[in-house]
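S.K.: Please read through the structure below; I'll follow up with questions.
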Amino acid sequence: MDNEKVLQLVPVRICEHEEKNGVLTVLFDSKSTSFLDRVFFSKLSKKPSKIDLDEIGSFIWNQIDGKTSVMEITAIAREKFENKIEPAEERVAEFFRQMAVTKLIGLYEKK
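For the numbering used here, add 973 to where a residue sits in the sequence shown, where the first one is 1.
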């Protein structure tokens, strides 16, 4: 899926998250991810069931409300982080693409 397509979509969280000491952690069922993930993580004793997000990832995750498009979230993130997030469209689109591939979010067309 190319960046332009991803930017038009609306992300929806599929898994839970928690925040401790300013670090946002995404929690997920390690059995619910894709075939590729199972192959990749098969060499490990146990697939991780949580991912700690950095400052930008945490901010973006907190913008997911099931109504706001990736493009709108990109604009909000650009306003907050300015040059720190550039190239914003590419970085944010890739963040959402990876989250969707690992089934942490769903991406849907805006209604």
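Positions of the beta carbon are idealized from the N, C-alpha and C atoms, including for glycine. As the structure is a computational prediction, the values presented were derived from the model and not from experiment.
Let's see if you can read the secondary structure: which residues bound the alpha helix (DSSP H) around LEU980?
M.R.: Taking the first residue of the sequence shown as position 1, residue 980 is located at position 7. Looking at the DSSP string, the run of the alpha helix (DSSP H) that includes LEU980 is 976-981.
S.K.: Which residues does DSSP pair with VAL985 in a beta bridge?
M.R.: What you label residue 985 is simply residue 12 of the sequence shown in a count that begins at 1. Bridge partners of VAL985: GLY1079.
S.K.: Pull up the CB-CB distance for ASN976 and GLU1063, whole angstroms please, since I reckon it's below 8 Å.
M.R.: Looking up residue 976 in the sequence shown gives position 3. Looking up residue 1063 in the sequence shown gives position 90. Rounded, the Cβ-Cβ distance is 6 Å, consistent with contact.
S.K.: Using the C-alpha atoms, what's the distance from ALA1050 back to SER1031?
M.R.: In the sequence shown, counting from the first residue as 1, residue 1031 sits at position 58. In the sequence shown, counting from the first residue as 1, residue 1050 sits at position 77. Rounded to whole angstroms, SER1031 to ALA1050 spans 11 Å at the Cα level.
S.K.: Keeping to the same chain, check which residues put their C-beta closer than 6 Å to that of ALA1061; ignore five residues upstream and five downstream.
M.R.: Position 88 of the sequence shown, counted from the first residue, corresponds to residue 1061. The residues are THR1047, ARG1051.
S.K.: Leaving aside the five residues before and after ILE987 along the sequence, list all residues of the same chain whose C-beta is less than 7 Å from its C-beta, in chain order.
M.R.: Looking up residue 987 in the sequence shown gives position 14. Contacts found: LYS1076, LEU1077, ILE1078, GLY1079.
S.K.: Pop quiz: LEU980 and TRP1034 are said to be a contact at Cβ under 8 Å. What is the actual Cβ separation, rounded to whole angstroms?
M.R.: Against the sequence shown, residue 980 aligns to sequence position 7. Against the sequence shown, residue 1034 aligns to sequence position 61. Not confirmed; about 17 Å, so no contact.
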